[in-house]
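Numbering (this note's numbering), first residue to last: -12 to 126. Where a beta carbon is used, it is the ideal one built from N, C-alpha and C, also for glycine. These numbers were taken from a predicted model, which means no experiment stands behind them.
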Amino acid sequence: VVKKVALTAAIPALAFALTVLGTELAGASEETPVASFQGKVSLDGENVAVGTTVSAWVRGVKVVETSTFDLDGDSVYALDIPRDDPSTDSIEGARDDELVMFQIEEYVASQADVWRQGTSNFADLSSDTPPVSIAGNDR
């Protein structure tokens, strides 16, 4: 009798928990208006340091940035670029088939890609840094 009472008392609490969890899971399964980009990152043919900034640019506006991390000895990045909100004048993201340019710190990456909602894109990014001159050292 005690076990039956304890189980009967637990059923409403369990039903409530499943309802809340089910609502959260349903919200998480809705289509998210982003396009994901990930890949390796290099400058002058070499891995960049962990923590190097990689940013995504749309129509000349930086829409998102991240920091690189190490994955099996490679410098890599992962970015979720949001969809632009057409109800505002601001550029918060990209539109379907819009060009996305990337920067590694202050260097423009040689690669660009096209934004399409819901896609996962592998794009290795690279750039060359200009040579450094030491002015006034002509001895």
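Item to check | Terminal residues of the beta strand (DSSP E) in which residue 119 lies | outcome: For residue 119, there is no enclosing beta strand (DSSP E), as DSSP marks it with neither H nor E.
Checklist entry - So, is residue 66 buried or exposed, given that buried needs 16 or more other C-beta atoms within 10 angstroms? => result By the neighbour-count rule (16 or more Cβ atoms within 10 Å), residue 66 is buried.
Checklist entry - What are the boundary residues of the beta strand (DSSP E) that includes residue 45? => result In the DSSP annotation of this structure, the continuous segment of the beta strand (DSSP E) that includes residue 45 starts and ends at 40 to 45.
Item to check | 6 Å Cβ shell around residue 135 - same chain, five flanking residues per side excluded | outcome: Not covered by the structure: residue 135. The range shown for the chain is -12 to 126.
Checklist entry - Where DSSP assigns a beta bridge to residue 53, which residues make up the other side? => result Answer is 41.
Checklist entry - Under a three-way DSSP split, which group does residue 70 fall into? => result In the three-state reduction of the DSSP assignment, residue 70 falls in the strand class.
Checklist entry - Any contact of the segment 87 to 99 with the segment 39 to 55, i.e. 3+ C-beta pairs under 8 Å? => result Counting Cβ pairs under 8 Å, three or more are found: they touch.
Next on the checklist: Output needed for residue 37: all residues of its chain with C-beta closer than 8 Å, excluding positions within five of it in sequence on either side, in chain order.
Outcome noted: Taken in chain order, the residues that qualify are 54, 55, 56, 57, 62.
Next on the checklist: Among 21, 29, 20, whose alpha-carbon lies nearest the alpha-carbon of residue 115?
Outcome noted: When each option's Cα is compared against that of residue 115, the closest is 29.
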